[in-house]
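FYI, the working numbering numbers position 72 of the sequence shown as 72, with every residue one higher than the one before it.
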Amino acid sequence: KKLIKTPPQALRVQKFGDSGIDVRILGDVRPMMQWEVTGELRKRLKKAFDEEGIEIPWPHIKLYFGGNQQGNGIVCKACSHPNPEGNKFCGNCGGAL
């Protein structure tokens, strides 16, 4: 059973964001099937990006609560990020300490 009634009529870049590109795709689908079609489109795009090695950036924040940043912590061998004593994994890259 076909979910898409007509092929996409419009495909354009809506905006460039900090962690992605919004693309507008317009077309006709069967009634109440827009969510299923949208979900399938996202899965296929993610798979294609993964196959091509395209990573989607995501925003992240480092929090600092005062005190000596260097302190007696552990420096990650992979990314040189200082970590508090007792951490088992790097707070920056996730590598084992």
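We put the beta carbon where it would ideally sit given N, CA and C, even for glycine.
Just so you know, these numbers come straight off a predicted model, no measurement behind them.
Q. Between GLY73 and the rest of its own chain, which residues show a CB-CB distance below 7 angstroms, the 5 nearest in sequence each way excluded?
A. Closer than 7 angstroms at Cβ, skipping near neighbours: PRO82, ASN83, PRO84 and GLU85.
Q. Taking the C-alpha atoms as reference points, what is the distance between LYS5 and GLY39?
A. 17 angstroms
Q: Please state whether DSSP places ASP18 in a helix, a strand or coil.
A: Here ASP18 sits in coil by DSSP.
Q) Helix or strand or just coil, what does DSSP make of LEU63? A) coil
Q: Specify the secondary structure class of ARG100 as computed by DSSP and reduced to three states.
A: Absent from the model: residue 100. The displayed extent of the chain is 1 to 97, so no value can be given.
Q.
Is the separation between the beta-carbon of ASP22 and that of GLN9 shorter than 8 angstroms?
A. no
Q) Alpha carbon to alpha carbon, how far is PHE89 from LYS62? A) For the pair PHE89 and LYS62, the Cα-to-Cα distance works out to about 15 angstroms.
**Q.** Under 8 angstroms between C-beta atoms of LEU3 and ARG44
**A.** no
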